[in-house]
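As C-alpha coordinates, the structure follows; a few thoughts come after it.
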(Lines of atoms letter the chains of each structure in order from A and count residues from 1; the text may use other names and numbers.)
(Lines give C-alpha, C1' and ligand atoms only; values in the text may rest on other atoms or scores of the structure.)
Protein backbone atom coordinates (compact mmCIF):
# COMPACT_ATOMS: atom_id res chain seq x y z
CA UNK A 1 0.00 0.00 0.00
CA UNK A 2 1.40 3.38 -0.95
CA UNK A 3 0.71 6.34 1.15
CA UNK A 4 0.21 9.73 -0.43
CA UNK A 5 1.07 12.60 1.85
CA UNK A 6 -0.74 15.83 1.31
CA UNK A 7 0.39 18.99 3.00
CA UNK A 8 -2.67 19.81 5.07
CA UNK A 9 -1.34 22.30 7.57
CA UNK A 10 -1.43 26.05 7.24
CA UNK A 11 1.59 28.28 7.89
CA UNK A 12 0.07 30.64 10.44
CA UNK A 13 3.38 32.33 11.33
CA UNK A 14 4.06 33.33 7.73
CA UNK A 15 0.49 34.59 7.31
CA UNK A 16 0.73 36.69 10.49
CA UNK A 17 4.07 38.22 9.43
CA UNK A 18 2.69 39.18 6.03
CA UNK A 19 -0.49 40.54 7.59
CA UNK A 20 1.48 42.64 10.08
CA UNK A 21 3.79 44.02 7.40
CA UNK A 22 0.95 44.99 5.11
CA UNK A 23 -1.14 46.28 7.98
CA UNK A 24 1.54 48.59 9.37
CA UNK A 25 2.23 50.24 6.03
CA UNK A 26 -1.49 50.78 5.50
CA UNK A 27 -1.93 52.24 8.98
CA UNK A 28 1.01 54.61 8.53
CA UNK A 29 -0.39 55.90 5.26
CA UNK A 30 -3.75 56.48 6.93
CA UNK A 31 -2.22 58.68 9.67
CA UNK A 32 -0.89 61.00 6.95
CA UNK A 33 -4.23 60.90 5.15
CA UNK A 34 -6.22 61.80 8.29
CA UNK A 35 -3.88 64.67 9.15
CA UNK A 36 -4.04 66.18 5.67
CA UNK A 37 -7.61 65.47 4.60
CA UNK A 38 -9.54 65.93 7.87
CA UNK A 39 -11.01 69.34 6.89
CA UNK A 40 -12.31 67.87 3.63
CA UNK A 41 -13.83 64.84 5.37
CA UNK A 42 -15.44 67.04 8.02
CA UNK A 43 -16.94 69.24 5.31
CA UNK A 44 -18.25 66.22 3.38
CA UNK A 45 -19.75 64.58 6.48
CA UNK A 46 -21.40 67.87 7.41
CA UNK A 47 -22.85 68.10 3.89
CA UNK A 48 -24.18 64.52 4.07
CA UNK A 49 -25.79 65.23 7.43
CA UNK A 50 -27.39 68.58 6.58
CA UNK A 51 -27.70 68.53 2.79
CA UNK A 52 -25.84 71.78 2.25
CA UNK A 53 -23.59 72.92 -0.55
CA UNK A 54 -19.82 72.82 -0.10
CA UNK A 55 -19.67 76.61 0.23
CA UNK A 56 -22.46 76.65 2.82
CA UNK A 57 -20.82 73.85 4.81
CA UNK A 58 -17.43 75.57 4.77
CA UNK A 59 -18.91 78.90 5.92
CA UNK A 60 -20.99 77.28 8.67
CA UNK A 61 -18.14 75.14 9.98
CA UNK A 62 -15.70 78.06 9.99
CA UNK A 63 -18.23 80.29 11.74
CA UNK A 64 -18.74 77.53 14.33
CA UNK A 65 -15.09 77.43 15.44
CA UNK A 66 -12.59 78.51 12.83
CA UNK A 67 -9.96 76.12 11.50
CA UNK A 68 -10.15 74.08 14.72
CA UNK A 69 -13.77 73.15 13.90
CA UNK A 70 -12.63 71.30 10.78
CA UNK A 71 -10.61 68.99 13.03
CA UNK A 72 -13.52 68.04 15.32
CA UNK A 73 -13.25 64.28 15.70
CA UNK A 74 -9.55 64.12 14.80
CA UNK A 75 -8.79 61.94 17.85
CA UNK A 76 -11.24 59.19 16.90
CA UNK A 77 -10.21 59.60 13.23
CA UNK A 78 -6.57 58.94 14.16
CA UNK A 79 -7.71 55.74 15.88
CA UNK A 80 -10.34 54.57 13.41
CA UNK A 81 -8.59 55.45 10.14
CA UNK A 82 -5.26 53.69 10.71
CA UNK A 83 -6.89 50.72 12.47
CA UNK A 84 -9.39 50.35 9.64
CA UNK A 85 -6.65 50.52 7.00
CA UNK A 86 -4.52 48.13 9.05
CA UNK A 87 -7.44 45.70 9.17
CA UNK A 88 -8.04 45.99 5.42
CA UNK A 89 -4.44 45.41 4.39
CA UNK A 90 -3.70 42.86 7.11
CA UNK A 91 -6.83 40.87 6.27
CA UNK A 92 -5.95 40.82 2.59
CA UNK A 93 -2.28 39.91 3.03
CA UNK A 94 -2.93 37.55 5.93
CA UNK A 95 -5.83 35.60 4.44
CA UNK A 96 -4.05 35.26 1.09
CA UNK A 97 -0.82 34.05 2.74
CA UNK A 98 -2.78 31.73 5.04
CA UNK A 99 -4.66 30.12 2.17
CA UNK A 100 -1.56 29.94 -0.04
CA UNK A 101 0.35 28.11 2.71
CA UNK A 102 -1.90 25.07 2.30
CA UNK A 103 -1.55 22.84 -0.74
CA UNK A 104 -5.29 22.35 -1.13
CA UNK A 105 -6.40 25.90 -0.28
CA UNK A 106 -3.71 27.42 -2.50
CA UNK A 107 -5.55 25.99 -5.52
CA UNK A 108 -8.71 27.97 -4.77
CA UNK A 109 -9.54 30.62 -7.38
CA UNK A 110 -8.22 34.09 -6.55
CA UNK A 111 -11.82 35.36 -6.46
CA UNK A 112 -12.69 32.93 -3.65
CA UNK A 113 -9.58 33.91 -1.68
CA UNK A 114 -10.42 37.58 -2.19
CA UNK A 115 -13.95 37.02 -0.88
CA UNK A 116 -12.45 35.48 2.26
CA UNK A 117 -10.15 38.48 2.72
CA UNK A 118 -13.05 40.88 2.14
CA UNK A 119 -15.21 39.16 4.75
CA UNK A 120 -12.38 39.35 7.30
CA UNK A 121 -11.88 43.03 6.50
CA UNK A 122 -15.60 43.77 6.79
CA UNK A 123 -15.77 42.09 10.19
CA UNK A 124 -12.83 44.20 11.39
CA UNK A 125 -14.54 47.40 10.20
CA UNK A 126 -17.74 46.43 11.99
CA UNK A 127 -15.82 46.15 15.27
CA UNK A 128 -14.61 49.73 14.75
CA UNK A 129 -18.09 51.17 14.14
CA UNK A 130 -18.38 52.87 17.57
CA UNK A 131 -15.17 54.83 16.93
CA UNK A 132 -16.50 55.85 13.51
CA UNK A 133 -19.80 56.86 15.13
CA UNK A 134 -17.95 59.10 17.60
CA UNK A 135 -15.80 60.63 14.85
CA UNK A 136 -18.71 61.37 12.53
CA UNK A 137 -20.89 62.74 15.32
CA UNK A 138 -18.12 65.13 16.39
CA UNK A 139 -17.58 66.17 12.77
CA UNK A 140 -21.24 66.92 12.15
CA UNK A 141 -22.29 68.20 15.58
CA UNK A 142 -19.11 69.82 16.90
CA UNK A 143 -19.06 70.35 20.66
CA UNK A 144 -22.63 69.08 20.98
CA UNK A 145 -21.54 65.66 19.68
CA UNK A 146 -20.57 64.05 22.99
CA UNK A 147 -23.77 65.00 24.83
CA UNK A 148 -25.78 63.71 21.85
CA UNK A 149 -23.99 60.35 21.97
CA UNK A 150 -24.36 60.12 25.76
CA UNK A 151 -28.11 60.71 25.42
CA UNK A 152 -28.32 58.11 22.65
CA UNK A 153 -26.54 55.53 24.82
CA UNK A 154 -28.78 56.38 27.78
CA UNK A 155 -31.90 55.96 25.64
CA UNK A 156 -30.89 52.99 23.47
CA UNK A 157 -27.94 51.32 25.20
CA UNK A 158 -24.32 50.89 24.18
CA UNK A 159 -25.34 48.69 21.26
CA UNK A 160 -26.70 51.82 19.55
CA UNK A 161 -23.08 52.72 18.77
CA UNK A 162 -23.14 49.85 16.27
CA UNK A 163 -26.18 51.14 14.35
CA UNK A 164 -25.28 50.96 10.66
CA UNK A 165 -22.39 48.57 11.23
CA UNK A 166 -23.59 46.15 8.56
CA UNK A 167 -23.47 48.95 5.98
CA UNK A 168 -20.02 49.98 7.26
CA UNK A 169 -18.70 46.47 6.77
CA UNK A 170 -19.69 46.37 3.12
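Residue numbers (our numbering): 149 to 318.
From the three backbone atoms N, C-alpha and C, an ideal C-beta is built for every residue, glycine too.
Here the structure is a predicted model, which is why all the values come from computation and not from measurement.
Span separating the alpha-carbon of residue i from that of residue j
i           : j           : result
residue 158 : residue 244 : 11 Å
residue 181 : residue 222 : 11 Å
residue 310 : residue 276 : 9 Å
residue 319 : residue 160 : Shown here, the chain extends from 149 to 318; a query on residue 319 therefore has no answer.
residue 272 : residue 189 : 22 Å
residue 255 : residue 296 : 51 Å
residue 208 : residue 179 : 26 Å
residue 237 : residue 231 : 10 Å
residue 203 : residue 197 : 15 Å
residue 246 : residue 205 : 46 Å
residue 220 : residue 308 : 21 Å
residue 303 : residue 195 : 27 Å
residue 185 : residue 287 : 13 Å
residue 274 : residue 252 : 30 Å
residue 314 : residue 192 : 21 Å
residue 169 : residue 235 : 11 Å
Candidates the options, of which the one nearest residue i by Cα
i           : options               : result
residue 279 : 246, 241 and 306      : 306
residue 177 : 228, 282 and 256      : 228
residue 300 : 313, 314 and 285      : 285
residue 265 : 252, 241, 251 and 274 : 241
residue 174 : 233, 226, 201 and 312 : 233
residue 226 : 313, 191, 270 and 183 : 183
7 Å Cβ cutoff met for residue i and residue j
i           : j           : result
residue 165 : residue 249 : no
residue 282 : residue 187 : no
residue 239 : residue 259 : no
Run of the alpha helix (DSSP H) containing residue i, from where it starts to where it stops
i           : result
residue 216 : 214-217
residue 304 : 293-304
residue 240 : 222-248
residue 266 : 258-275
residue 205 : 202-211
Heavy atom of the ligand ATP within 6 Å of residue i beta-carbon
i           : result
residue 184 : Annotation note on the ligand ATP: not contained in the displayed structure, which lists no ligands.
*If you pair each beta-carbon of the segment 206-224 with each one of the segment 275-294, do three or more pairs fall below 8 Å?*
yes
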